[in-house]
C-alpha cells in the first residue's frame with residue numbers, strides 16, 4: 001500500500017506563528033526528557049531463535065508494516081489524524097517489548113504480561129493487540145467515540161467485543177497507563193516554530209510545504225520497525241533536514257537555513273550520526289512508498305541509494321487481511337458505532353475512498 005500525502009491545513013501551518021521561542025525551547029527540552037521513557041527495546045531481533053527456525057506464527061517486520069497500513073486505511077476513512085496511528089504503533093511496540101522482557105522470568109509474569117508475550121508468537125493475538133492499540137489511541141486523542149463492537153464487526157467476527165475489551169485492559173496494565181508520550185509529529189511542529197517568519201518572508205505556503213514534507217516522512221516511517229526504535233526527536237530532525245534539502249533558494253536561502261538549524265542544534269540534544277542514519281532511512285522509505293526520490297538540491301550529496309533493512313525470512317501475514325469494499329465499513333459507521341462531532345467523517349462524504357483492509361483470522 002502506498003501512503004498518500006495528507007496536506008496540513010493553512011490554519012494549522014499558520015498556528016506555528018503564535019509559538020513563542022522561549023516556550024518552544026522549554027517544550028522541546030521537556031519532550032526530550034520524556035521520550036526516553038517511551039522507547040521500546042528491539043524485541044523482534046531478540047525472539048531467541050534464528051530466522052531459519054522461527055515458527056510461522058512468529059511476528060516479523062512485515063507483519064508490523066501490514067498492521068500499520070491497515071490502521072492508516074481505517075483512520076483515513078474515519079478522518080482520524082494520522083498521528084493517532086503513530087501513537088498506536090508506539091503502544092504496540094512497548095506492549096510487545098514488555099512481553100519479550102517478561103519471557104526471561106516466566107514464573108514472575110502477570111496475566112497481562114503473558115498476553116503480551118503470546119502476541120509475539122501468535123498472529124491472531126498480535127492482530128488483536130494491534131487493533132486494540134489503535135482503539136486506545138482513538139479514545140485518547142480523537143474527538144470521535146469509537147465503539148468496540150465496530151472493531152468486532154470489522155474483524156468479520158474473528159474477535160468478540162469482550163475479547164477486544166479484555167485486550168485493551170491488558171495493554172493499559174502493561175503500559176502502566178503511560179499513553180501520552182511525545183511523537184515525532186510533536187517535535188516536528190515545535191522544531192519548525194524555531195524558523196523565524198522573516199526567513200521565509202512570512203509565507204504560509206513555505207511553512208506548509210516544509211511541514212507537509214516532514215509529516216509525510218514521519219507517517220511513512222511509522223510503519224517501519226527500525227525507525228520505531230529511534231527517538232522521535234531524531235526522526236523529526238532527520239525529516240526536517242530532508243525537507244530543507246528540497247527547498248529552493250527562493251523559498252528559503254542557505255543563510256536562513258544555516259541560522260535556523262543552528263538554533264535547532266542549540267535547543268535539542270542531538271546525535272548527528274544517528275540523525276544522518278535516520279535521514280538516509282527516511283529517504284529510502286519515501287522511495288519505497290512513492291517510487292520517486294525526495295527532492296534534493298544540487299549542493300547536497302547523492303543519497304538516493306540505500307540498502308533496505310529486511311528480515312531474512314520476510315513472512316507473509318496472509319491470515320491477517322482480506323479485501324472488503326470500504327462501503328461496508330461506511331454502512332456500519334452510520335449507526336452509533338462512531339458518534340460524530342464537529343469533525344465530519346469521510347464515511348458520509350467521499351465515495352471514492354479506496355477499499356479498506358478488513359481483518360480476518362485464519
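Numbering (the UniProt record's numbering), first residue to last: 1 to 362. Every residue, glycine too, gets a C-beta built ideally from N, C-alpha and C.
Legend entry - Cα-Cα separation, residue 164 to residue 178: 19 Å
Inset, instruction - Can you check the segment 24–86 for any alpha helix (DSSP H) of at least 4 residues that lies completely inside it and give the ranges in chain order? - result: 61–77
Inset, instruction - Using alpha carbons as the reference points, say which of 202, 141, 199 lies closest to residue 82. - result: 141
Inset, instruction - Could you pull the start and end residues of the alpha helix (DSSP H) that residue 204 belongs to? - result: 204–221
Inset, instruction - Leaving out five residues on either side along the sequence, give the residues of the same chain with a beta carbon under 8 Å from the beta carbon of residue 251. - result: 200, 203, 206, 209
Inset, instruction - Could you say which of 294, 295, 289 lies nearest to residue 65 if we only look at CA atoms? - result: 289
Inset, instruction - Confirm, please, whether the CB-CB distance from residue 131 to residue 228 is below 9 Å. - result: no
Legend entry - Among 73, 70, 129, 75, the one whose alpha carbon lies nearest that of residue 99: 129
Inset, instruction - Report all residues from its chain with a CB closer than 7 Å to the CB of residue 216; omit the five preceding and five following residues, and keep chain order. - result: 5
Legend entry - Backbone secondary structure at residue 110 - three-state DSSP: coil
Inset, instruction - Leaving aside the five residues before and after residue 112 along the sequence, list all residues of the same chain whose C-beta is less than 6 Å from its C-beta, in chain order. - result: 170, 173, 174
Inset, instruction - Decide yes or no for the touch test of the segment 141–152 against the segment 189–198: beta carbon pairs closer than 8 Å, at least 3 of them. - result: no
Inset, instruction - Measuring alpha carbon to alpha carbon, tell me which of 148, 211, 60 ends up nearest residue 224. - result: 60
Inset, instruction - Name the two residues that bound the continuous alpha helix (DSSP H) containing residue 184. - result: 184–192
Inset, instruction - Assign residue 249 to one of three DSSP states: helix, strand, or coil. - result: coil
Inset, instruction - Please look up how many angstroms separate the CB atoms of residue 235 and residue 221, rounded, as I've assumed it's under 8 Å. - result: 6 Å
Legend entry - Three-state secondary structure assigned by DSSP to residue 180: coil
Inset, instruction - For the alpha helix (DSSP H) containing residue 173, list its first residue and its last residue. - result: 161–174
Inset, instruction - Could you spell out where the alpha helix (DSSP H) holding residue 139 opens and where it closes? - result: 123–141
Inset, instruction - Kindly indicate the opening and closing residues of the alpha helix (DSSP H) around residue 10. - result: 10–14
Legend entry - Which of helix, strand or coil DSSP assigns to residue 285: helix
Inset, instruction - Identify whether residue 363 lies in helix, strand or coil by the three-state DSSP scheme. - result: Since the first residue shown for the chain is 1 and the last is 362, residue 363 is missing from the structure and cannot be characterised.
Legend entry - Within 9 Å, strictly: CB atoms of residue 239 and residue 213: yes
Inset, instruction - Determine the contact status of residue 38 and residue 101, defining contact as a CB-CB distance below 9 Å. - result: no
Inset, instruction - Compute the distance between the beta-carbons of residue 119 and residue 134, then report whether it is under 9 Å. - result: no
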